[in-house]
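In this note's numbering, the protein residues as written are 25 to 661.
The beta-carbon is built from N, C-alpha and C at its ideal position, and this holds for glycine as well.
Note that this is a predicted model, so its numbers are computed, not measured.
Have a look at the structure below, then the notes.
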């Protein structure tokens, strides 16, 4: 249900207004500019608005929690309104009762005039509400239809990738190969070897068709999908093509060759032309059958649409004709002799208005249908694909979905940036004060051996905490950063200090190679440290429930820094998505870590790096931090 279907406000503005009403909604009373309590409080409905609303919301309309206003009074003009001794509202004397009655009557009459059926000024509101309701019904219907299609589409993609991970297509093809070979081995025991071989070919074709159909997904038309679904579809298209090229086609070819060789060894003359013709006829028969079925479905849909339109047009003509007959009969029965000239003009205007209203309402309906039919502009593009209203709706819906996704994520990033800015500002001031106090404490510790261990513990803890301040650096431009040589062994120490407890608890081994320990990189510590933190944090998350070896390896090969693990790895359908803003596979995750890490590495104009996912790994996830120059050379090659 859409909560703002009867509102002229945009959804964002509506939400903002509702939040404000929840906070300060109500009718307030001010006396000489000073608020009189408790009038306006959410729990003090002194005008009985909610009580009347429970009797009939459509009749009394107003809700005390969904309105805001003030009543301005002066003591000079309302001297009989006396406040209670504790300043907790007015005394309920005659003046107060009169004030309440006036206000209650004002609200009741306003609802009657503007919002009630038949109100003297309710037509504009009624017309606009009907228009909004029509749009809302259409939106809900479209959303429901799209929702069902999207859900089914996602389920089919999940089924496909799950089957792929479990090697189901490979297993089925292997079983088919075994079955065909068993059939061919039985060739010597059949009466008619030629027909038996042809039947075997028919069996191979039908089984391949069944398996390919089982591992195929159709993308519904006229529906806009999210970035995640589009990326999963792209992954499916590539995976499906590889499946056909690397599994289905080679096995089919191998079986065809095997059948031919076996026939030669058995001295069976196979008429190649007959085999090919039968194969083509089989394909042609199936193709023609499918095309006919689709054509019949289209004709049925067109007939249903035509029948609906004919019924609507017939009903429109009937409605206008009935109104004209009723007006004509009323005109014939009208006694003009007993009416004044003014009454005759009023009656004439009334009858003409009834005809005009019936005509305009039906004409608007018919024009709407005409415009929708014109919008179904079906034409082929240069490649022969049909471009129509489905493709237009799909493009618009995808743009809307993308904008919504970006708006939600951007709002989170803005809030995160503001919070980090405040923390950074406040932390700097506090850190400076602690540093000054530590310097003072240092003097005492140097002359007091009992105090020195305590000072040293505090100092080490503070240095560790102060180190985290660099993590905030990429989020603010006001901090001055200096490029430096970053030794990877320092990153190892940082990661071990940060994750030591989690690594120990989950029995995970953090393994830096000898090459990594000796490596260095040039740039900003506040850029690289958060990237390593995010990669190791993700690795720990996916390793903690992993059976077998749990290891995170840090390596350095030919200028490339590598973070790999022995976890479950990244599924095929997610490999194009993990760096997208807002995408996450973690329960309750925000989907910002990898996105921010990659963007921060790319953003540096002097020391740009890129963060990529290696797709060559058979197990676990492998991320590479690559200097852009190296990456460009790899792309050139």
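DSSP beta-bridge partners of residue i
i	result
residue 509	546
residue 580	585
residue 114	107
residue 54	59, 96
residue 536	578
residue 634	650
The alpha helix (DSSP H) enclosing residue i, as first and last residue numbers
i	result
residue 641	Note, residue 641: premise wrong, no alpha helix (DSSP H); not H, not E.
residue 260	251 to 267
residue 195	192 to 209
residue 619	617 to 627
residue 79	73 to 79
Test item: CB-CB of residue i and residue j under 8 angstroms
i	j	result
residue 247	residue 174	yes
residue 86	residue 135	yes
residue 600	residue 255	yes
residue 225	residue 272	no
residue 564	residue 609	no
residue 635	residue 649	yes
residue 50	residue 95	no
residue 507	residue 631	yes
residue 591	residue 625	no
residue 593	residue 641	yes
residue 347	residue 378	yes
residue 306	residue 227	no
residue 84	residue 77	yes
CB contact check: residue i to chain D, cutoff 8 angstroms
i	result
residue 644	Among the chains in the structure shown there is no chain D, since it carries only a single protein chain.
Which of helix, strand or coil DSSP assigns to residue i
i	result
residue 473	coil
residue 518	helix
residue 181	helix
residue 172	helix
residue 599	coil
residue 272	helix
residue 568	coil
residue 573	coil
residue 528	helix
residue 245	coil
residue 552	helix
residue 594	coil
residue 364	coil
residue 82	helix
residue 380	helix
residue 41	helix
residue 68	coil
residue 316	helix
residue 337	helix
residue 284	helix
residue 140	coil
residue 467	helix
residue 329	helix
residue 357	coil
residue 607	coil
Other residues of its chain near residue i: CB distance less than 6 angstroms, five sequence neighbours each side excluded
i	result
residue 18	Residue 18 cannot be examined here, being either before or after the span of the chain that is shown, 25 to 661.
residue 618	602, 603
residue 597	185, 256, 259
residue 456	none
residue 128	71
residue 515	556
residue 286	208
residue 42	none
residue 231	200
residue 536	516, 578
Terminal residues of the beta strand (DSSP E) in which residue i lies
i	result
residue 232	Residue 232 -> not in any beta strand (DSSP E); alpha helix (DSSP H) instead, spanning 217 to 238.
residue 651	646 to 651
Cβ-based neighbour list, residue i, same chain, cut-off 7 angstroms, excluding 5 preceding and 5 following
i	result
residue 326	none
residue 651	583, 633
Neighbourhood of residue i by C-beta distance below 8 angstroms, restricted to the same chain and skipping five residues each side
i	result
residue 470	476
residue 510	544, 545, 546, 547, 549, 552
residue 120	105, 114
residue 390	336, 337, 340
residue 59	52, 53
residue 644	588, 589, 590, 591, 592, 593
residue 354	375
Residue i Cβ short of 7 angstroms to the ligand FAD heavy atom set
i	result
residue 470	With respect to the ligand FAD, the structure offers nothing, as it holds no ligand at all.
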